[in-house]
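Enquirer: Mind looking over this structure? Questions follow.
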Amino acid sequence: MEGSILESIGVEIIGVMSPVSICMLLVVLLVYSLSSYSSPSVEPIRTAANLVYLEAPSDSTSQKIEGSLLNALVFVILIAVVTFLLVVLYYYNFTNFLKNYMRFSAFFVLGAMGGSIFLSIIRQFSIPIDAITCFVLLFNFTVVGVLSVFAEGIPIPIVLRQVYMVLLGIIVAAWFTNLPEWTTWTLLVALALYDLVAVLAPGGPLKILVELASSREDDLPALVYEARPTVSRNPRRSSLGLLVGGVSSDSVELEMTRHNASNSRDGGFIEMMDEETSPLVPNSSSNSEFSVSVGTADRFQQTEIIENEEERTPLSAMLDMRTEMEPRTRNEDIQEETTRGIKLGLGDFVFYSVLVGRAAMYDLMTVYACYLAIISGLGCTLILLSVFRHALPALPISIALGIMFYFLTRVLMEPFVVGTSTNLMMF
Amino acid sequence: MTLAAGIGYVLLTLGPSLALFVTVISTKPFLILILLSSTLVWLISLIVLSGFWRVFLPIKATVWWPYVLLILTSVVFQEGLRLVLWRGYKKMEDMLDAFADRVAKPRLYLSDKMQIALAGGLGHGVAHAVFFCLSLLTPSFGPGTFYVDKCSYAPFFLISAIISLAFVTIHTFSMVIAFNGYAQGNMSDQFIVPAIHLIAGTLTLVNLASGGCIVGIPLLYMVAAFTLAYCGKMVWRTLTETQIRLTHQNQ
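Line by line, the protein sequences are chains A and B. For the first sequence, my numbering gives the first residue as 523, with consecutive numbering after it. For the second sequence, my numbering gives the first residue as 532, with consecutive numbering after it.
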């Protein structure tokens, strides 16, 4: 019995959804286990996200809204400035500087922020461990993490890289959940809007960045989660396209980048600048008919698929045309072609998890609702990606759905469900 | 100790679904997507229903007829939704078949179709368990537990976990029955599903009476067992029929 097509469809989508789910799950667990530790009397931290206004529970609602709007505005402006700076640096080919900077920020996130989270975990569960062992472990953990973020020349397994990307996401998201409630919501909305503009508007910094990177055939100088690539280009690669009615889509890339900038922890001041992108980049180098490939078997398979595709849709024909327009010799690119999967920026991991983590502070019901909403938003984005075939922002749909479901659940569903099920009535 | 109890409640409700998920669903990515979307559909239906009933809440505990109406509307709405799901599934099946032809793979087998129905049903069941049982479990992880006056034989969490397990079973397998019934145009299969759902819903009304859960829960489990048996019988019949037809064609 031959394998049915059920096994081959949706591999890419699941490849992106599962790390996002793991990230959200761990953040929720973290929030749950640490929330009892951090009593409400703890000083609210000051970060770049609440520079202007520090929310106090006693403030009136209008004060809170006003303050949180200001906070969000300042934060978004900050992010935009840093992004533009990075784009300028990238434009003038300061790639090495950018990569080292990224390594440095990864070091700081893993070492300082991660370290303090570990400390609070140790304190919460009273794990018996001495300071020296803890320090050595933390240092090793951090160094391996930094190396795996941009592994050049070192063969680092992609699984390790993926694990560290998810860990970075968890750590940053766990910090963001410390923000006060109103600020979190306005911040999420503002970031989703910013994401939309930065990726789609002409002249948006992330759009420029992605275009630059793809024209240079370079990796994005950013922290990007790369889904595990499928082993070889066989027909199952094009399965994502099925979901949009047969538009074939080989190797779509959902790229989202996030630069986690410096954060200095002097005197309790934590500054976090996030440059955050969410482009879905079409991988124009895929399936190129000009690839002068070495592996003949692979090559045959490839051309076969191309023929298949040409009959399919105008969309794929367009793609092929574009590949024709930029014929490059790709002797060494074969390797790269087969190792590319869908990419999702770390920023999405972080802010999805922030949303879920914030929901976890209310109730489990809102967590489930938000999780489902975010995942379905991500699914919608991936489907749109295979239609539009260029970089897309992954935050707006998910965040909008997530916030909508949070409040619907909180206002409408909870009283209903609690009311019926405490009477032991179900249907 | 309470943590262990909490995990125990979770596993009691979702253990069978977890086993199904690991063995059948998780190996096929597409089924995971079906599961997630069906969970989302159920959540949306619940939100719509609660949006409608929110106006009349809270219902006084002494009168019982609003609860009858509530169960009735909910079941009718969700069974209507099943029809919509079936329409969507039909379209998707055509797309899948067209896609399979294009990549020169076999079309959907009968077992594939049943697995899709199972994934859809499991999505409904899991959503039910998550929203009616798991989301109320948070206090059970903390110190202490909670008893309901009308059914004080066991903690509330345990009772709701037990009831949820029955409903997970009913939801999961009634979807298989319904989809198969629609596909074959079998009227009795099509009508037994809403009937089962309605009966199960009304049986929980027994819990409103003081001490009623002693009677209600065994009855509910009988309904669940009936669903399971009916589904098994139907799947067996369908599979053997197609087998016979296939061997006849080959001869």
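Note that beta-carbon positions come from the ideal geometry of N, C-alpha and C, so glycine has one too.
In chain B, which residues lie less than 8 Å from PRO937 (chain A) when you measure between Cβ atoms?
Expert: Taking the first sequence and counting its residues from 1, the one referred to as residue 937 (chain A) is at position 415. In chain order: SER581, ARG585, LEU588 and PRO589.
Enquirer: May I ask you to list, following chain order, the residues of the stretch 529 to 541 of chain A that have a beta carbon less than 7 Å from some beta carbon of chain C?
Expert: Judged by its chain identifiers, the structure shown contains no chain C, and its protein chains are A and B.
Enquirer: If I follow the unbroken alpha helix (DSSP H) through LYS621 (chain B), where does it start and stop?
Expert: Walking along the second sequence from the start, residue 621 (chain B) turns up at place 90. Looking at the DSSP string, the run of the alpha helix (DSSP H) that includes LYS621 (chain B) is 596 to 633.
Enquirer: For the putative contact between THR758 (chain B) and ILE701 (chain B), defined by C-beta atoms under 8 Å, what is the C-beta separation to the nearest angstrom?
Expert: By one-based count along the second sequence, residue 758 (chain B) stands at place 227. By one-based count along the second sequence, residue 701 (chain B) stands at place 170. Contact holds; Cβ gap of about 5 Å.
Enquirer: Report yes or no: is there a C-beta of chain A within less than 8 Å of the C-beta of THR773 (chain B)?
Expert: In the second sequence, counting from the first residue as 1, residue 773 (chain B) sits at position 242. No, THR773 (chain B) does not count as interfacial toward chain A.
Enquirer: Can you tell me which of the three DSSP states LEU574 (chain B) falls into?
Expert: The residue given as residue 574 (chain B) occupies position 43 in the second sequence. Three-state result, LEU574 (chain B): helix.
Enquirer: For GLY637 (chain A), report the span of its alpha helix (DSSP H) as first-last.
Expert: Reading the first sequence from its first residue, position 115 is the one you call residue 637 (chain A). Looking at the DSSP string, the run of the alpha helix (DSSP H) that includes GLY637 (chain A) is 636 to 647.
Enquirer: State the DSSP-derived secondary structure class of LYS621 (chain A), mapped to helix, strand or coil.
Expert: Your numbering for residue 621 (chain A) matches position 99 in the first sequence. It is helical.
Enquirer: Would you list the one or two residues that DSSP bridges to GLY869 (chain A)?
Expert: The sequence position of residue 869 (chain A) within the first sequence is 347, counting from 1. Paired residue(s): none; GLY869 (chain A) is not in a bridge.
Enquirer: Quick one: which chain A residues come within Cβ less than 7 Å of LEU577 (chain B)?
Expert: Position 46 of the second sequence, counting from 1, holds the residue named residue 577 (chain B). Correct list: MET935.
Enquirer: Along the alpha helix (DSSP H) that carries TYR928 (chain A), what are the first and last residues, could you check?
Expert: Numbered from 1 along the first sequence, position 406 holds the residue referred to as residue 928 (chain A). Note, TYR928 (chain A): alpha helix (DSSP H), 917 to 930.
Enquirer: Do LEU729 (chain B) and VAL606 (chain B) have their C-beta atoms closer together than 8 Å?
Expert: Reading the second sequence from its first residue, position 198 is the one you call residue 729 (chain B). Reading the second sequence from its first residue, position 75 is the one you call residue 606 (chain B). In this structure, VAL606 (chain B) lies closer than 8 Å to LEU729 (chain B) by Cβ.
Enquirer: So, is the C-beta of GLY924 (chain A) closer than 8 Å to a C-beta in chain B?
Expert: Taking the first residue of the first sequence as position 1, residue 924 (chain A) is located at position 402. No, no contact with chain B.
Enquirer: Which value, in whole angstroms, describes the spacing of the CA atoms of VAL803 (chain A) and THR903 (chain A)?
Expert: Numbered from 1 along the first sequence, position 281 holds the residue referred to as residue 803 (chain A). Numbered from 1 along the first sequence, position 381 holds the residue referred to as residue 903 (chain A). Its pLDDT being 36, under 50, VAL803 (chain A) is placed unreliably in this model, and the value from its coordinates should be taken loosely. VAL803 (chain A) and THR903 (chain A): Cα-Cα distance of roughly 12 Å.
Enquirer: Straight-line CA distance for ILE647 (chain B) to GLY619 (chain B)?
Expert: For this step, residue 647 (chain B) is matched to residue 116 along the second sequence. For this step, residue 619 (chain B) is matched to residue 88 along the second sequence. Taking the straight line from one Cα to the other gives about 12 Å.
Enquirer: For the 8 Å Cβ check, are there 3 or more pairs between the stretch 915 to 926 of chain A and the stretch 558 to 578 of chain B?
Expert: no
Enquirer: Pull up the DSSP beta-bridge partners for CYS682 (chain B), would you.
Expert: Numbered from 1 along the second sequence, position 151 holds the residue referred to as residue 682 (chain B). In the DSSP assignment, CYS682 (chain B) forms a beta bridge with B:VAL679.
Enquirer: Beta-carbon of PHE688 (chain B) versus every beta-carbon of chain A: anything under 8 Å?
Expert: As a position in the second sequence, residue 688 (chain B) is number 157, starting the count at 1. Answer no: the Cβ-Cβ gap between PHE688 (chain B) and chain A never drops below 8 Å.
Enquirer: Establish whether the CB of PHE561 (chain B) and some CB of chain A are separated by less than 8 Å.
Expert: As a working mapping, residue 561 (chain B) is identified with position 30 in the second sequence. So, interface residue.
Enquirer: Below 6 Å CB to CB, which residues in the same chain sit around VAL609 (chain A) once its five sequence neighbours on both sides are set aside?
Expert: Looking up residue 609 (chain A) in the first sequence gives position 87. These residues qualify, in order along the chain: PRO727, ILE730 and LEU731.
Enquirer: For LEU917 (chain A), does the count of other Cβ atoms within 10 angstroms reach 16, so buried, or fall short, so exposed?
Expert: For this step, residue 917 (chain A) is matched to residue 395 along the first sequence. So LEU917 (chain A) counts as buried.
Enquirer: What residues in the stretch 605 to 616 of chain B have a beta carbon less than 8 Å from any beta carbon of chain A?
Expert: SER605, VAL606 and GLN609
Enquirer: So with Cβ pairs under 8 Å, would you call ALA916 (chain A) a contact of chain B?
Expert: For the purposes of this step, residue 916 (chain A) is taken as the residue at position 394 of the first sequence. Chain B, which has no Cβ nearer than 8 Å to the Cβ of ALA916 (chain A), makes this no.
Enquirer: How about PHE687 (chain B) and PHE672 (chain B): do their beta carbons lie closer than 8 Å?
Expert: Indexing the second sequence from 1 puts residue 687 (chain B) at position 156. Indexing the second sequence from 1 puts residue 672 (chain B) at position 141. Not in contact: PHE687 (chain B) and PHE672 (chain B) (Cβ atoms no closer than 8 Å).
Enquirer: Quick one: what does DSSP say GLU748 (chain A) is sitting in, helix, strand or coil?
Expert: Within the first sequence, the letter at position 226 stands for residue 748 (chain A). Note: GLU748 (chain A) maps to strand in three-state DSSP.
Enquirer: Counting contacts by CB-CB distance shorter than 8 Å, is VAL940 (chain A) in contact with chain B?
Expert: As a working note, residue 940 (chain A) is residue 418 in the first sequence. Yes - at least one Cβ of chain B is within 8 Å of the one on VAL940 (chain A).
Enquirer: Buried or exposed: which applies to SER580 (chain A), given that a residue is buried once 16 or more other Cβ atoms fall within 10 Å of its Cβ?
Expert: Numbered from 1 along the first sequence, position 58 holds the residue referred to as residue 580 (chain A). The residue in question, SER580 (chain A), is exposed, as its Cβ has fewer than 16 Cβ neighbours within 10 Å.
Enquirer: ILE897 (chain A) touches chain B at which residues, Cβ-Cβ below 9 Å?
Expert: As a working mapping, residue 897 (chain A) is identified with position 375 in the first sequence. Neighbours of ILE897 (chain A) on chain B, chain order: LEU567 and LEU571.
Enquirer: Just to confirm my understanding: we take ARG683 (chain A), look at its own chain, exclude 5 residues before and 5 after, and list those with CB closer than 6 Å. What are they?
Expert: Taking the first residue of the first sequence as 1, we reach residue 683 (chain A) at position 161. For ARG683 (chain A), where only same-chain residues beyond five positions count, the Cβ hits under 6 Å are SER670.
Enquirer: Closer than 8 Å is the cut-off here; do at least three beta carbon pairs connect the stretch 534 to 548 of chain A with the stretch 560 to 570 of chain B?
Expert: yes
Enquirer: So what's TYR614 (chain A) in DSSP terms, helix, strand or just coil?
Expert: As a first step, residue 614 (chain A) must be located in the first sequence, where it is residue number 92. Three-state DSSP puts TYR614 (chain A) in coil, outside helix and strand.
Enquirer: Ordered along the chain, which non-local residues of its own chain (more than five positions away) have a Cβ less than 8 Å from that of SER548 (chain B)?
Expert: Along the second sequence, read from residue 1 onward, the residue named residue 548 (chain B) stands at position 17. Within the same chain, SER548 (chain B) has close Cβ partners LEU653, GLY656, VAL657, ALA660, VAL699 and THR703.
Enquirer: Counting only Cβ-Cβ distances shorter than 8 Å, please list the residues of the stretch 729 to 746 of chain B near chain A, keeping chain order.
Expert: ALA731, GLY732, THR735, LEU736, ASN738, LEU739 and CYS744
Enquirer: Please report the distance separating the alpha-carbon of LEU739 (chain B) from that of GLN715 (chain B).
Expert: Position 208 of the second sequence, counted from the first residue, corresponds to residue 739 (chain B). Position 184 of the second sequence, counted from the first residue, corresponds to residue 715 (chain B). Taking the straight line joining both Cα atoms gives about 39 Å.
Enquirer: Sorted by chain position, which residues of the same chain lie with C-beta nearer than 8 Å to ILE544 (chain A)'s C-beta, five sequence neighbours on each side aside?
Expert: Translated into positions along the first sequence, residue 544 (chain A) becomes position 22. Once the five neighbours on either side are set aside, the close Cβ partners of ILE544 (chain A) are VAL688.
Enquirer: Is the stretch 644 to 653 of chain A close to the stretch 624 to 635 of chain A, with three or more CB pairs under 8 Å?
Expert: Contact between the stretch 644 to 653 of chain A and the stretch 624 to 635 of chain A is absent, because fewer than three Cβ pairs lie under 8 Å.
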